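What follows is a set of notes on a single structure, which appears directly below.
In the numbering used here, the protein residues as written are 124 to 201.
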């Protein structure tokens, strides 16, 4: 069974407090816009690590390709 954008949305939302979260994809490749105050003061790799932590083992087992745009609320509004 392939993973859906809605499933990835719920996985991220359950593990990371987001003010905006949008996930699109075709079952193989996904794109996400993730806005969270948890990203404040963090470099890009640290932001991605927070998302990977929220996804846990699913990143290896279910999700084959995920491109992310990770923003703070201030960056998103800007």
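Positions of the beta carbon are idealized from the N, C-alpha and C atoms, including for glycine.
Treat the numbers as computed from the prediction; the structure is a model and nothing was measured.
Determine the contact status of residue 129 and residue 159, defining contact as a CB-CB distance below 8 Å.
Within the chain shown, the letter at position 6 stands for residue 129. Within the chain shown, the letter at position 36 stands for residue 159. No. Outside cutoff.
Ends of the alpha helix (DSSP H) at residue 133?
The residue given as residue 133 occupies position 10 in the chain shown. Looking at the DSSP string, the run of the alpha helix (DSSP H) that includes residue 133 is 128-138.
Hey, would you say residue 191 sits closer than 8 Å to residue 157, going by beta carbons?
The residue you call residue 191 lines up with position 68 of the chain shown. The residue you call residue 157 lines up with position 34 of the chain shown. It is a contact, given that the beta carbons lie within the stated cut-off.
Using C-beta distances below 6 Å, list every residue in its chain close to residue 194, excluding the 5 sequence neighbours before and after it, in chain order.
What you label residue 194 is simply residue 71 of the chain shown in a count that begins at 1. Closer than 6 Å at Cβ, skipping near neighbours: 158.
Assign residue 131 to one of two classes, buried (16 or more other C-beta atoms within 10 Å of its C-beta) or exposed (fewer than that).
Here residue 131 corresponds to residue number 8 of the chain shown, with the count starting at 1. Buried, by the Cβ-count rule.
Return helix, strand or coil for residue 163, following the three-state DSSP convention.
In the chain shown, counting from the first residue as 1, residue 163 sits at position 40. If DSSP states are grouped into helix, strand and coil, residue 163 belongs with coil.
What residue range does the beta strand (DSSP E) around residue 154 cover?
The sequence position of residue 154 within the chain shown is 31, counting from 1. Residues 152-158.
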